[in-house]
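Protein chains in written order, with our numbering: chain A, 46 to 371; chain B, 46 to 371; chain C, 46 to 371; chain D, 46 to 371.
Here a beta-carbon is modelled for each residue, glycine too, at the ideal position from N, C-alpha and C.
Number of protein chains: 4
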Amino acid sequence: MLAVFRSFSTATCRRSVAAIKKRTMAGTAQKMDIRGIYPPIATPFTEKEEVDYQKLNDNLQKYAKIPFRGLVVQGSNGEYPYLMAEERVEVVRRVREALPQNMLVMAGSGCESTIATIQMSEQMAAAGADAVLVVTPCFYRGRMDSKALIHHYTKVADSSPVPVVLYSVPANTGLDLPVDAVVSLAQHPNIVGLKDSGGDITRIALIIHKTSSEDFQVLAGSAGFLLPAYSVGAVGGVCALANVLGREVCQLEELYLAGQWEQAKVLQYRLIEPNTAVTRKFGVPALKQAMEWFGYHGGVCRAPLRPLSEADARALRQDFSSNGWL
Amino acid sequence: MLAVFRSFSTATCRRSVAAIKKRTMAGTAQKMDIRGIYPPIATPFTEKEEVDYQKLNDNLQKYAKIPFRGLVVQGSNGEYPYLMAEERVEVVRRVREALPQNMLVMAGSGCESTIATIQMSEQMAAAGADAVLVVTPCFYRGRMDSKALIHHYTKVADSSPVPVVLYSVPANTGLDLPVDAVVSLAQHPNIVGLKDSGGDITRIALIIHKTSSEDFQVLAGSAGFLLPAYSVGAVGGVCALANVLGREVCQLEELYLAGQWEQAKVLQYRLIEPNTAVTRKFGVPALKQAMEWFGYHGGVCRAPLRPLSEADARALRQDFSSNGWL
Amino acid sequence: MLAVFRSFSTATCRRSVAAIKKRTMAGTAQKMDIRGIYPPIATPFTEKEEVDYQKLNDNLQKYAKIPFRGLVVQGSNGEYPYLMAEERVEVVRRVREALPQNMLVMAGSGCESTIATIQMSEQMAAAGADAVLVVTPCFYRGRMDSKALIHHYTKVADSSPVPVVLYSVPANTGLDLPVDAVVSLAQHPNIVGLKDSGGDITRIALIIHKTSSEDFQVLAGSAGFLLPAYSVGAVGGVCALANVLGREVCQLEELYLAGQWEQAKVLQYRLIEPNTAVTRKFGVPALKQAMEWFGYHGGVCRAPLRPLSEADARALRQDFSSNGWL
Amino acid sequence: MLAVFRSFSTATCRRSVAAIKKRTMAGTAQKMDIRGIYPPIATPFTEKEEVDYQKLNDNLQKYAKIPFRGLVVQGSNGEYPYLMAEERVEVVRRVREALPQNMLVMAGSGCESTIATIQMSEQMAAAGADAVLVVTPCFYRGRMDSKALIHHYTKVADSSPVPVVLYSVPANTGLDLPVDAVVSLAQHPNIVGLKDSGGDITRIALIIHKTSSEDFQVLAGSAGFLLPAYSVGAVGGVCALANVLGREVCQLEELYLAGQWEQAKVLQYRLIEPNTAVTRKFGVPALKQAMEWFGYHGGVCRAPLRPLSEADARALRQDFSSNGWL
């Protein structure tokens, strides 16, 4: 694993994606470096629940000015299970076109079957994705043991034109990618890291420990435990809250990199309740509502997701205002 | 709810599907009667994991000779999350073509989004499905409260050309369709029943009790609790084990209908372990393995589902043989 | 297992406890027959939270007139974890003294440690208990595997002067007594049955199936699934609701024994919501509140259990009145 | 909350317990400062499962030489649910007598009922406990909402002669002390902190954030997440592993206090697997086995806890040796 405690300039890590790809593809070369902060972007819809590419583009223009390492397109917050296959690819294409080349596009290509995931990964790479984020298949969770998951990810990584990032999000999938599976998969030359959204910090630390001899990086899957994740060796985060408070999440990264633990801690505190509100507590409808308050396009979700009730919207607002953000 | 204790001839309940549809579509008419036993059929694949329509047809010829009420196509055991949309529709079409007209085809049309579920329901009806079985969307399970689920099912039922059967399968979805949502949805003229696979018999009895003033039927979602479900008013079952021991599951129905509780109980006992083995314990790979033993085509699953280990296959065999089936 | 479908007179099963004990103690004799309905009685307290023996006695006088098989003293509804050891024994003594000899006193003697459970069982037997009901120890539930539980129950049964009934109540303990442990323990000459409060009817049926060659009986642990439990071979129930609707629960037993399944089903329906209300939904405070409405002494619980809120009390009342009981 | 980032000498925090008590008892004075590392000591038994006070004393002599802040007596690892009330008090008395006065004795006084907890707290204080650690009552967990728990802890704290530390250990109790209850209780003058063993670092950070205006401290309940807990403001830990690797856990504290995050991280890594092995994975029998390997008296557990199997003992050893401790 790369040392993360040396002096580190956020600016200099924005090396060209082309160079990263080149190094990654060579057999013995270093894998893609994915450190940094990523918002897993929401997908704006029109009132008729069609993808609103204009509003998406507006959001992207704003995100391009924040020192993100890149964007995750079609993580859980992107309502990807509600998009048709063609929509999933088209959204990736639009994001890649709109975004500066120095920002990574990490595209969520996970499907339930291995073959569909392979095809989706290829299509997303063709559409310009720099890496693919592959969620654990979960419908038959009783059979998704390490053996099955190692087989799945190996097949996907073998054929993917771009690096693969593992993705464990038990709140949605009811399934944790087992530690031993992660350790085994970390050896694959085309698997570069893990986004862990479960928030079990002991597990995250153990994974980092047991993959320390590999070129493998771990990203916190939420702003709620970003600082503790840094404390045990995570290299960044994919944070729903960064759709709303992007600069502030990046500031937490900077404080950590500068060794300013006390200030980082105080900032971390203020992010927890807003983060929980837009994720576990109220979900994607809340994320989209909060985006509206902070100058982004959020708007409606696709059904069956329903808009927030007024009471929930008030509670959401309170979670931001009581921490000084509204 | 229809009285289930009157003398009841299995033969006479095989009235024409056309007649049922006619009655159902009329505003004040009785809803479709779905009582009886259904195997949720497996989808055979070739070694290359393509749908094997020939083997599927072979199985259907055998199932046509068993006194099933119909078949469920693309329940959880059909690996539907691993099929492309076109494959899902094509399988339904082939089943409808191969099956005698007096057997119902209940097609699993559930998708994560409401709009995709509506479209899939329409396509399956056009392909010949007599009813659609709609699983609860579940990825954003934290937001799938009664309000969201009532909205989802109402939209689907409003537009479906054929009757809708609700489907709650918490082992796969991590979500129980709430009782109050079922009670509300039972009033919809195009929602005819519920397949409940959770096995909470108190919940099943309560649902039957609270929908007793509606024309609404409940099917047990497993052979493991079929007799207790009958004892509280269920009208049949969708039973994975019926893919393997179809006649025996139908025999349990007949014993119950004849009021032969003691013999029914002894048969029920012998079905529990084989049933658990092909569902919760070893899943679809075990179902397909057992099908091979009993003269059906089972074969491989699509990845990421893996074949049974030899040890698991032995344990599976033991669960059948210790109950006198092998 | 004893045949339960033969004509069976409730009256004749009230043979003397002395005779039962005599047969049980003899090496090859039949074990105690525990079939029937039992309320797991509540423990009345004074306003100062001391055991109110007068009110307890008043309740017992009323229970003595209901065709119960006996009473369970210090099941979960008796607040036994809140009683001092001496109180637990004294309550058993008082119940035995007040109750007619033909009614069984089954006393909850479970403690966390094996040695304490052994001592408590001996003390309760000395105080007049006819059998002891032994809950699974659960604090170290991660270590309470079949091996540990078989060891525990074997030691307790080896030394208990009266027969032992196993007790699995996962809602309180977070632990199901494993099927294989039950099957093993059923062979012990001093272990006569199981009270299963989990409500997993498939599990209950499997346990009865797999112990059918032993002299071993299963009691449903709740009125919510009493009829389905009968349908798979249970011989009675320990039902919190019987503290309130004792005659009605006994009537369900009678309807089942008379083979009147349809009437039994209708009665079963009406018991579900009141039963859930006084157990899972609102707990012991609700049971005690409902007892007051039906002419029994309920009163306060020991802290930390709190009285019902007014809103909860109204909802509780609704669960009784909407089913025609109030 | 006390600033934890200022230069801080472990030595100087060993001020006299008498002085702490004096300050705590005064109305407006600062509460007891509980920062530091504590082993929750195991209770040695003889082969006959009686408390072995000689072996206990031997262990205490060794612990007295490690820079612990104090000991927890009868946390979950002390098998307190298996001790009689008199044994619980006597063990506390022996520990207090054997230990240097500058080491705190924090005694686990939690019982299921409020009244028993009050009495036990008084007895333990009389036996010399400096503070009491009060686990959440849990048997009626469905009723243990914030209201009930706030009532319970308030009553206990009102009457306890020594400060109260809240204790949340969901692995054993199936219950998390709710955040809002902790925030409310933090205002009580006799409640000084929380031991949180759940390991949800987001929750821990949020609790520290929301109690930051109170004189209230949080201790990590495990060595597995000690460093991340420090990163969000915890002030120490009660760590089962400190029974075995006491100096090493204290070294982690020192590295953190010295701001040596990188070295702390590497040490944290090496503690995770041994910690998991003696807690969640293999439990108290493993803790006692490991104690033997490291020169302490461990020995047998009380039944129903069973000794480790040979296979488990090997796996346990591997978890220590692969991290360089054996």
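Determine the closest residue to residue i out of the options, with distance taken between C-alpha atoms.
i	options	result
F270(D)	G269(A), Y108(A) and P273(A)	P273(A)
S372(D)	Q119(D), R292(D), I317(D) and N122(D)	This structure cannot settle anything about residue 372(D), because the visible part of chain D is limited to 46 through 371.
A358(D)	G187(D), G340(D) and G328(D)	G328(D)
A360(D)	L332(D), V345(D), Y341(D) and V277(D)	L332(D)
D221(D)	P208(D), G266(D) and H254(D)	G266(D)
D97(D)	C346(D), S354(D), I195(D) and P112(D)	C346(D)
S257(B)	V311(C), A170(C) and I246(C)	V311(C)
L128(C)	L101(D), A161(D) and Y198(D)	A161(D)
T225(D)	N235(D), G155(D), K255(D) and W370(D)	Here the sequence assigns Asp to residue 225(D), which means Thr is not the residue at that position. When each option's Cα is compared against that of D225(D), the closest is K255(D).
G81(A)	R186(A), G123(A), M148(A) and C183(A)	M148(A)
K93(C)	G344(C), L371(C) and F365(C)	G344(C)
T159(A)	Y341(A), C183(A), L264(A) and D175(A)	C183(A)
V117(B)	A109(B), F90(B), V177(B) and K76(B)	V177(B)
What does the Cβ neighbour count give for residue i, buried or exposed, with the cut at 16 atoms within 10 Å?
i	result
T324(C)	buried
A48(B)	Confidence in A48(B) is poor, its pLDDT being 34 and thus under 50, which makes the residue's placement unreliable; the coordinate value appears in the next sentence. Flag for A48(B) reads exposed.
Q262(B)	buried
E157(B)	buried
D203(A)	exposed
S354(B)	exposed
T181(B)	buried
Taking the continuous beta strand (DSSP E) assigned at residue i, which residues delimit it?
i	result
D364(A)	From DSSP, D364(A) is part of no beta strand (DSSP E) but of the alpha helix (DSSP H) over E355 to S366.
S213(B)	V209 to S213
M77(A)	Per DSSP, M77(A) belongs to no beta strand (DSSP E) and is neither H nor E.
L116(B)	G115 to V118
M151(B)	L149 to G153
Under 9 Å between beta-carbons, which chain D residues line up against residue i? List them in chain order, please.
i	result
L194(C)	P349
W306(A)	F50, S276, G304 and W306
G250(A)	It should be noted that the sequence gives Ala, not Gly, for residue 250(A). What A250(A) touches in chain D: G269, F270, L272, P273, K310, Q313, Y314 and I317.
Can you list the residues of chain B that residue i reaches, using a CB-CB cut of under 8 Å?
i	result
Q75(C)	Within 8 Å Cβ-Cβ: nothing; Q75(C) doesn't reach chain B, min ~21 Å.
I177(A)	For clarity, residue 177(A) is Val in the given sequence; the question names Ile instead. The contacting residues do not exist; V177(A) stays about 16 Å from chain B at best.
G244(C)	D245, I246 and T247
Residues of chain D with CB closer than 7 Å to the CB of residue i, please, in chain order.
i	result
F184(C)	P126 and N217
T159(C)	A348 and P349
Bridge partners for residue i per DSSP, in chain order?
i	result
D241(B)	S213(B) and A265(B)
F90(D)	V96(D)
V283(D)	Y83(D)
V179(B)	L211(B)
I236(D)	V209(D)
Taking the alpha helix (DSSP H) that residue i belongs to, which residues open and close that run?
i	result
M336(C)	G328 to W338
Y127(D)	No alpha helix (DSSP H) contains Y127(D), which DSSP labels as neither H nor E.
V289(C)	Run containing V289(C): none; DSSP gives neither H nor E here.
N320(C)	W306 to T321
List, in chain order, every chain A residue whose beta-carbon is nearer than 8 Å to that of residue i.
i	result
R325(B)	G187
G343(D)	Under the 8 Å cutoff, chain A gives no residues; its nearest Cβ is about 24 Å from G343(D).
E298(B)	Here the premise fails: no neighbours, minimum Cβ distance about 27 Å.
Whose Cβ in chain A lies nearer than 7 Å to the Cβ of residue i?
i	result
V227(B)	Those do not exist, as V227(B) stays about 16 Å from chain A at its closest Cβ, beyond 7 Å.
K333(B)	Residues of chain A passing the Cβ test: none, with the nearest at roughly 12 Å.
H254(B)	Within 7 Å Cβ-Cβ: nothing; H254(B) doesn't reach chain A, min ~27 Å.
In chain C, which residues lie less than 8 Å from residue i when you measure between Cβ atoms?
i	result
P330(D)	R188
E94(D)	I160
Below 9 Å on C-beta distance, what does residue i contact in chain A?
i	result
K200(B)	A348 and P349
H233(B)	Per Cβ cutoff of 9 Å: no residues; H233(B) is ~16 Å from chain A at best.
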